[in-house]
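K.L.:
Below you can see the structure in the form of structure tokens.
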């Protein structure tokens, strides 16, 4: 019995377990823990469509069939989603919407408590599309037609509003849905009407369309032209600017008379021809459109004279030595033809030809060579003729070539160039003479040639040429004569520029030959002989000679050469390399050789004596004025001025036994200053050869300053006994080593306004510049 009971309970427990398991799966077939994931049974292909101004249709698909239904949620703007409805269909129309609001929908499938992944539709907005492209056209002088584009699928109709002039809009009509035209009749002529429209439904209406205006007026035509089409008729054309005229009235006045109506033409006409007019008279026209009850303003006016207009721009050209071509401008639209008249020399005009209408040229043949012919042309019709054109003349001659130029292109060849002034030559005959001999013909070249090259000429000889054009029966006068000498032109303007830093001299020159093979450069050292040091290629105009010694005179000359010959020598030019000198402080100075002396080419900057002892820098004025020993200063105590002007020293520093000058150099005596001045031409003129040119540092005018000596004197000014600074830009002062008295010493001075180099004695306490000369 117990075993039976135990078996019963076991079976009961098993049944309960199986029953519980089966019931769970039946109630939750899409539990993600048991079958598929939420995104695998989500709805798909959600589409949202605006039906009208308050309804949106949602449609989607659902592949998994074991669901119970769908949750539809909606939000607008940045709000949170709210549930709208639960449904078991895949179709829903949302009818609780406001116009012009953007909505976002999402739909989730559910089964029991299980939810699928949601599908979200893009933002969609209920809207009421505005009609567009409103256009208004006056269709007669009392009616306007409106047309527009209907952009809405669900409107009940459209409301039309109008304002008159600058008044306010009022509704004048409602039209049915989908209608896109409306005619507004019974309007007032001359008034301007402005329209706008909007679509509407039972509960909403769209925004307004664009506004468009029309004036109840007949628009005046625009005259394009009035043209004489013969010597009794005028053709008038115009632009029709109105779409509803009954016709056009044409009016005309003669000269300064009054307008009278001469015709009415049908609607849409744009031309009218009037005949039987008087030759020589001027007629003015105007046109207006009209309807049964109104008429437009007048068109513009246009005038035309019934006249055969004379041809213009007559030109005549000899096309060979017996023929002339005439060309002119045809200014008449109805001539029968042209009459051509000619006179010979100073004779009288006679008619020589008639040519057809619209002709603009004529050629006459069989004329006499050397004669001058003058022409004129006039247009004619059956009953009238124009005035004459301008007169134009041509002489039956072969025009001589001009601008003959003879150029040696190597030492045996000459090129000739000239200007061809004839249109019909058979060719050109070229003549040449040698030296003072006679001309002989050396060649004939083809028509239109402007160049000839003659070879095999003799070097050193001078050849003179002339050219004439010829035809089968005549020839021109000679051209100008032009000569070429078969020589290699000598180079000129040889110039030397020294570079003392790299011990080089740079040569430049002018190349005066067009056919040299190159240039030979020769050099001599001091009083030695010239030797060739280089050859450079054709068209070269510079050469640099390096590795030179200092304070040695180098003299150069150059000549051009070809494979057969060479030119004369250029002028000779002499230069030398100046050494540089370094003081105890390491300042490097340029030097210059002037005569037999070698000078520093800039002012001293040193702050120590040769033995290394420091030279005091005294900046205080009182202290400076009390000095009886060596000192230096910078102008205005400004170290920036030292680079350009150097430093200022009292004479005690100049005369100090420890020596202010670099080794191998000394402060010049007054006699050495005078040697420099005498070499440069004396006290009156030497200053200009020593001073820097221009007014960068010297006061204006500094006229005549050239610095041709290379001394480069600058106006560093001075320091007075009182300690004050003065005269920078005005004067340059330099000490000599010569004492004048117990309190004075000799110096030299240059001034901005003259070329003098003066020597004076001054107080030893003055601060002056210093230049050194080599021992």
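In our numbering, the protein residues as written are 316 to 1090. The beta carbon of each residue, even a glycine, is placed where N, CA and C say it ideally should be.
Using 8 Å as the Cβ pair cut-off and three pairs as the minimum, do the stretch 430 to 441 and the stretch 367 to 380 touch?
P.N.:
Touching, per the Cβ criterion.
K.L.:
Rounded to whole angstroms, what is the Cα-Cα separation between residue 706 and residue 803?
P.N.:
Going from the Cα of residue 706 to the Cα of residue 803 covers about 54 Å.
K.L.:
Under 8 Å Cβ to Cβ from residue 343, same chain only, skipping five residues before and after it: list those, please.
P.N.:
Note on residue 343: pLDDT 46, under 50, position unreliable in the model; the coordinate value appears next. Here the set comprises 349, 426, 427, 428, 429.
K.L.:
Which residue marks the beginning of the beta strand (DSSP E) containing residue 885, and which one marks its end?
P.N.:
It is not in any beta strand (DSSP E) - residue 885 carries neither H nor E in the DSSP assignment.
K.L.:
Is the distance from the Cβ of residue 1078 to the Cβ of residue 1036 below 7 Å?
P.N.:
Taking 7 Å as the Cβ cut-off, residue 1078 and residue 1036 qualify as a contacting pair.
K.L.:
What does the alpha-carbon distance come out to for the pair residue 766 and residue 1015?
P.N.:
Straight-line Cα distance between these residues: approximately 56 Å.
K.L.:
Do you know offhand how far residue 1026's Cα is from residue 1062's?
P.N.:
Each residue's alpha carbon lies about 16 Å from the other.
K.L.:
Under three-state DSSP, which class holds residue 1013?
P.N.:
Coil at residue 1013, not helix or strand.
K.L.:
Please identify the residue among 607, 539, 639 whose C-alpha is closest to the C-alpha of residue 659.
P.N.:
Checking every option, the nearest Cα to that of residue 659 belongs to 639.
K.L.:
Taking one C-beta from the stretch 521 to 532 and one from the stretch 446 to 455 each time, how about it: are there three or more such pairs within less than 8 Å?
P.N.:
Yes, the stretch 521 to 532 touches the stretch 446 to 455.
K.L.:
Determine the contact status of residue 727 and residue 744, defining contact as a CB-CB distance below 7 Å.
P.N.:
Cβ distance not < 7 Å, so residue 727 and residue 744 don't count as in contact.
K.L.:
Under 8 Å: do the stretch 886 to 901 and the stretch 859 to 870 share three or more Cβ pairs, one atom per stretch?
P.N.:
Yes, the stretch 886 to 901 touches the stretch 859 to 870.
K.L.:
Pull up the DSSP beta-bridge partners for residue 515, would you.
P.N.:
Looking at the DSSP assignment, residue 515 forms a beta bridge with 472, 520.
K.L.:
Does DSSP put residue 501 in a helix, in a strand, or in coil?
P.N.:
Of the three classes helix, strand and coil, the one that applies to residue 501 here is coil, per DSSP.
K.L.:
Sorted by chain position, which residues of the same chain lie with C-beta nearer than 6 Å to residue 543's C-beta, five sequence neighbours on each side aside?
P.N.:
Correct list, in chain order: 549, 619, 621.
K.L.:
Pull up the DSSP beta-bridge partners for residue 747, would you.
P.N.:
DSSP output for residue 747 lists 755, 780 as bridge partner(s).
K.L.:
Which residue marks the beginning of the alpha helix (DSSP H) containing residue 936, and which one marks its end?
P.N.:
First-last of the alpha helix (DSSP H) with residue 936: 936 to 940.
K.L.:
When we look at the beta-carbon of residue 963 and count the other beta-carbons within 10 Å, is it buried (16 or more) or exposed?
P.N.:
So residue 963 ends up on the buried side.
K.L.:
Please classify residue 381 as buried or exposed, where buried requires at least 16 other C-beta atoms within 10 Å of its C-beta.
P.N.:
Classification of residue 381: exposed, given that the 10 Å Cβ count is below 16.
K.L.:
If you compare alpha carbons, which of 393, 423, 383 is closest to residue 399?
P.N.:
When only C-alpha atoms are compared, the closest one is 423.
K.L.:
Quick check: what's the CA-CA separation for residue 825 versus residue 814?
P.N.:
Using only the alpha carbons, I get a separation of about 21 Å.
K.L.:
Under DSSP, the beta strand (DSSP E) around residue 833 begins and ends at which residues?
P.N.:
Element bounds for residue 833: 833 to 840.
K.L.:
Going by alpha carbons, who is nearest to residue 404 out of 386, 903, 506, 715?
P.N.:
Here the closest residue by C-alpha is 386.
K.L.:
Can you give me the C-alpha to C-alpha distance between residue 883 and residue 827, rounded to a whole angstrom?
P.N.:
Answer to the nearest angstrom: the Cα atoms are 12 Å apart.
K.L.:
For the beta strand (DSSP E) that residue 658 lies in, which residues bound it at each end?
P.N.:
Its beta strand (DSSP E) spans residues 652 to 659.
K.L.:
Please return the same chain residues whose Cβ sits closer than 6 Å to the Cβ of residue 939, not counting the five positions on each side in sequence.
P.N.:
Correct list, in chain order: 933, 1038.
K.L.:
Quick check: what's the CA-CA separation for residue 809 versus residue 860?
P.N.:
Going from the Cα of residue 809 to the Cα of residue 860 covers about 14 Å.
K.L.:
Who pairs with residue 637 in a beta bridge, going by DSSP?
P.N.:
Per DSSP, none; premise fails for residue 637.
K.L.:
How is the alpha helix (DSSP H) around residue 367 delimited, first residue to last?
P.N.:
Per DSSP, residue 367 belongs to no alpha helix (DSSP H); it is in the beta strand (DSSP E), 359 to 367.
K.L.:
Quick check: what's the CA-CA separation for residue 1075 versus residue 842?
P.N.:
Rounded to whole angstroms, residue 1075 to residue 842 spans 39 Å at the Cα level.
K.L.:
Do the stretch 944 to 961 and the stretch 983 to 1002 meet, that is, are 3 or more Cβ pairs less than 8 Å apart?
P.N.:
No, they do not touch.
K.L.:
By Cβ distance below 7 Å, which residues in the same chain neighbour residue 1033 in space, the five residues on each side in sequence not counted?
P.N.:
Excluding residues within five positions, the ones whose Cβ falls inside 7 Å are 963, 1041, 1042, 1048, 1081, 1082, 1083.
K.L.:
Hey, would you say residue 603 sits closer than 7 Å to residue 564, going by beta carbons?
P.N.:
Contact flag set, yes.
K.L.:
Between residue 539 and residue 647, what straight-line distance do the alpha-carbon atoms span, to the nearest angstrom?
P.N.:
C-alpha separation (whole angstroms): 18 Å.
K.L.:
Which class does residue 1005 belong to by DSSP, given the choice of helix, strand or coil?
P.N.:
Helix.
K.L.:
Since residue 892 sits in a beta bridge, which residues does DSSP pair it with?
P.N.:
Residue 892 pairs with 865.
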